[in-house]
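Following: one structure in structure tokens, then a few remarks.
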Amino acid sequence: AQSVTQLDSHVSVSEGTPVLLRCNYSSSYSPSLFWYVQHPNKGLQLLLKYTSAATLVKGINGFEAEFKKSETSFHLTKPSAHMSDAAEYFCVGATGTASKLTFGTGTRLQVTL
Amino acid sequence: DAGVIQSPRHEVTEMGQEVTLRCKPISGHDYLFWYRQTMMRGLELLIYFNNNVPIDDSGMPEDRFSAKMPNASFSTLKIQPSEPRDSAVYFCASSRSGTVANYGYTFGSGTRLTVV
Chain D
1 AQSVTQLDSH VSVSEGTPVL LRCNYSSSYS PSLFWYVQHP NKGLQLLLKY
51 TSAATLVKGI NGFEAEFKKS ETSFHLTKPS AHMSDAAEYF CVGATGTASK
101 LTFGTGTRLQ VTL
Chain W
1001 DAGVIQSPRH EVTEMGQEVT LRCKPISGHD YLFWYRQTMM RGLELLIYFN
1051 NNVPIDDSGM PEDRFSAKMP NASFSTLKIQ PSEPRDSAVY FCASSRSGTV
1101 ANYGYTFGSG TRLTVV
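In order, the protein sequence lines correspond to chains D and W. If you're matching positions, the first sequence starts at 1 in our numbering and goes up one per residue. If you're matching positions, the second sequence starts at 1001 in our numbering and goes up one per residue.
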């Protein structure tokens, strides 16, 4: 069975400082991993995905994530936060031929001036 | 492609009334998912369909909730009778079989339901 665990329910950073949102996964098989972003009163949008190609994945709006098998992690990072990054972020997993995604509980990112 | 289309965007109804939420998946997608999102419970999978057939409805909270997919381009989620605790944002998502691991789901913009 697969699961994803988001280690922080809430993260607050100052504008211009780095962002780190943490996600660990557990899976018997090589997973596919995604980060989705949900801005206030909006739907969920795919931010980036890892599908066993390059371990460092770049997404939209300057975000990137690194798949580390040894640490079973897929943390989301951004060098410099912007006010518009304030949103809920979901780490999501899938395995093999799975038709269902497994969602983490979400991390709310707050960006302050 | 217009994406996953949900209607209405907002719905306010009185307790006891029937509510119907609608979803049009992306053309060619054979999986359709209904989710509910609340502050207390987060994102919950209610039910999903494959080729218009319900595969897993174990997330449907109770008999007041029902979902149908009469054809490949339309699905409904119905609540009858509605209660204030049903107030939430309901999302529909779709995907193509064999592609979830590579592309994930595409979500609609959601329907914000308020039951007063």
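Backbone N, C-alpha and C fix where the C-beta goes; we use that ideal spot for every residue, glycine too.
Selected residue, minimal CA-CA separation from residue i, among the options
i, options, result
"Met-1060/W", "Val-1053/W, Ile-1047/W, Met-1069/W, Asn-1051/W", "Ile-1047/W"
"Ser-1007/W", "Gln-1080/W, Arg-1096/W, Leu-1032/W, Gly-1108/W", "Gly-1108/W"
"Val-1115/W", "Ile-1026/W, Pro-1081/W, Trp-1034/W", "Pro-1081/W"
"Ser-70/D", "Leu-76/D, Pro-18/D, Tyr-25/D", "Tyr-25/D"
"Lys-100/D", "Val-1012/W, Leu-1032/W, Gly-1003/W", "Leu-1032/W"
"Ser-1087/W", "Arg-1096/W, Thr-1099/W, Phe-1065/W, Ser-1075/W", "Phe-1065/W"
"Trp-35/D", "Gln-110/D, Gly-93/D, Val-13/D", "Gly-93/D"
"Cys-91/D", "Thr-102/D, Lys-42/D, Glu-64/D", "Thr-102/D"
Chain D contact for residue i (CB, 8 Å cutoff)
i, result
"Ala-1002/W", "no"
"Thr-1043/W", "A small fix is needed here, since residue 1043/W is Leu in this sequence, not Thr. Yes, Leu-1043/W lies at the interface with chain D (some Cβ there is under 8 Å from its Cβ)."
"Asn-1051/W", "no"
"Phe-1065/W", "no"
Neighbour-count burial assignment, residue i, 16 or more Cβ in a 10 Å radius
i, result
"Gly-106/D", "buried"
"Ala-54/D", "exposed"
"Leu-44/D", "buried"
"Thr-17/D", "exposed"
"Arg-1036/W", "buried"
Reduced DSSP category for residue i - H, G, I as helix; E, B as strand; rest coil
i, result
"Ala-54/D", "coil"
"Asn-1102/W", "helix"
"Gly-1003/W", "coil"
"Pro-1061/W", "coil"
"Glu-66/D", "strand"
"Asp-1056/W", "strand"
"Arg-1112/W", "strand"
"Glu-71/D", "helix"
Any chain W beta carbon closer than 8 Å to residue i
i, result
"Leu-56/D", "no"
"Val-111/D", "no"
"Lys-42/D", "yes"
"Val-11/D", "no"
"Gln-46/D", "A small correction: the amino acid at residue 46/D is Leu; Gln does not occupy that position in the sequence shown. Leu-46/D counts as touching chain W."
"Thr-95/D", "yes"
heavy atom of the ligand NAD below 7 Å from residue i C-beta
i, result
"Lys-1024/W", "Judged by which ligands are present, the structure shown has none, so any question about the ligand NAD falls away."
Residues bridged to residue i (per DSSP)
i, result
"Ile-60/D", "According to DSSP, Ile-60/D bridges with nothing at all."
"His-10/D", "Arg-108/D"
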